[in-house]
Amino acid sequence: MGLKPGRTIRELRRPWTRTAKKKVKMSFVRGVPDSRLRAFDMGDLDPRKADIEIDLLSGGTFQIRDNAMESARVMANKVFEKKILRENYYFKVRKYPHQCLREHSMLTGAGADRLSSGMRKAFGHPTGRAVIAKKGECLMSVYTMKKFEDYAKEGFYRAGQKIPGGFKYRILDLKKVKVKFPTVKRHKEEELAALAAPAPVKTGTPTAATPAKPGATPAPSAAPEKEEKVKKK
């Protein structure tokens, strides 16, 4: 069965989010597919070095499916990579699809009408995930320079076409407004730190002695070890 239209799950429903992978006994909802939204941090710019922060805000209270959020992320990041370049922006997705969606099993073919009857209070089975977005909540953020403001707006405009309920912009001048920056730890920083770290000294190799402080008494020399004589048979 194909993907149903987004308007069928757009209305906000009761949260159904209790899932667990490590402790299966704690999982009330089982059989939930994995989220299609995987990447949440993009770009190589340090957010503390940016001039402005542009946020994409939700225009209403809706449920947004994970495939719609993934489509919006891909569209915005495509514009950022092409016109701003990766070293000039940092892109952050603020929402995670915790909400589990349920659908009723539908049958097609001869005799399907009698099987689909009597489903007034049918519970359904998990078929996907969604984001619970309330009006005015931040969905995505981008940190960049002032000269790239128009390109950042263009990327979020294209991303907003993939999200139901409309959207709004919020522009913050980071030099005037104090904000809490997201913690970023990338693989490149870990690789550079590993290269800059000194190599471990192997056992048995001579090492350079540290210079003694002025006025310090010299340490007593260690007694020479006695060589063991090997007895030949």
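Under this note's numbering, the first residue of the sequence shown carries the number 969, and numbering increases by one thereafter.
C-beta atoms are modelled at their ideal positions from N, C-alpha and C, and glycine is treated no differently.
Note that this is a predicted model, so its numbers are computed, not measured.
Integer Cβ distance of residue i from residue j, believed to fall under 8 Å
i	j	result
Lys1130	Ser1039	4 Å
Phe1116	Ser1026	Wrong, their Cβ atoms sit about 24 Å apart, outside the cutoff.
Arg937	Leu1005	The structure shown does not extend to residue 937, since the chain is modelled only from 969 through 1201, so no value can be given for it.
Lys1060	Ser1109	5 Å
Glu1021	Tyr1111	5 Å
Tyr1137	Lys1121	6 Å
Lys1102	Thr1029	5 Å
Rounded straight-line distance, which links the Cα of residue j to that of residue i
i	j	result
Gly1123	Ala1044	4 Å
Phe996	Met1010	33 Å
Cys1106	Ile1100	11 Å
Arg978	Pro1132	8 Å
Arg986	Ile1139	35 Å
Val1152	Gly970	38 Å
Asp1023	Arg1126	14 Å
Lys991	Lys1046	38 Å
Lys989	Asp1118	42 Å
Gln1067	Asp1012	30 Å
Val1147	Arg1062	15 Å
Gly999	Glu1071	13 Å
Glu1128	Asp1141	Rather than Glu, the amino acid found at residue 1128 in this sequence is Gly. Rounded to whole angstroms, Gly1128 to Asp1141 spans 22 Å at the Cα level.
Gln1031	Val1145	31 Å
Ala1007	Ser1073	31 Å
Pro1150	Pro1001	28 Å
Contact test: residue i Cβ vs the ligand GDP heavy atom, cutoff 6 Å
i	result
Trp984	No copy of the ligand GDP occurs in the structure displayed, which carries no ligand at all.
Bridge partners - residue i, DSSP secondary structure assignment
i	result
Val997	Partner(s): none; Val997 has no beta bridge.
Gln1031	Ile1100
Tyr1057	Thr1112
Ser1073	Answer is none; Ser1073 lacks a bridge partner.
Lys1050	Partner(s): none; Lys1050 has no beta bridge.
Phe1124	None, per the DSSP bridge assignment.
Tyr1137	Leu1024
Asp945	For residue 945 there is no data in the structure shown, the boundaries of the chain being 969 and 1201.
Gln1067	Ala1098
Exposure label - residue i; buried when at least 16 CB within 10 Å
i	result
Asp1034	buried
Arg1097	buried
Tyr1064	exposed
Lys1143	exposed
Met994	exposed
Arg975	exposed
Gly1104	exposed
Ala1036	buried
Discussion item. Closer than 8 Å is the cut-off here; do at least three beta carbon pairs connect the region 1092-1104 with the region 1049-1056?
Written reply: no
Discussion item. Check whether the region 1010-1023 and the region 975-987 are in contact - that is, three or more C-beta pairs closer than 8 Å.
Written reply: no
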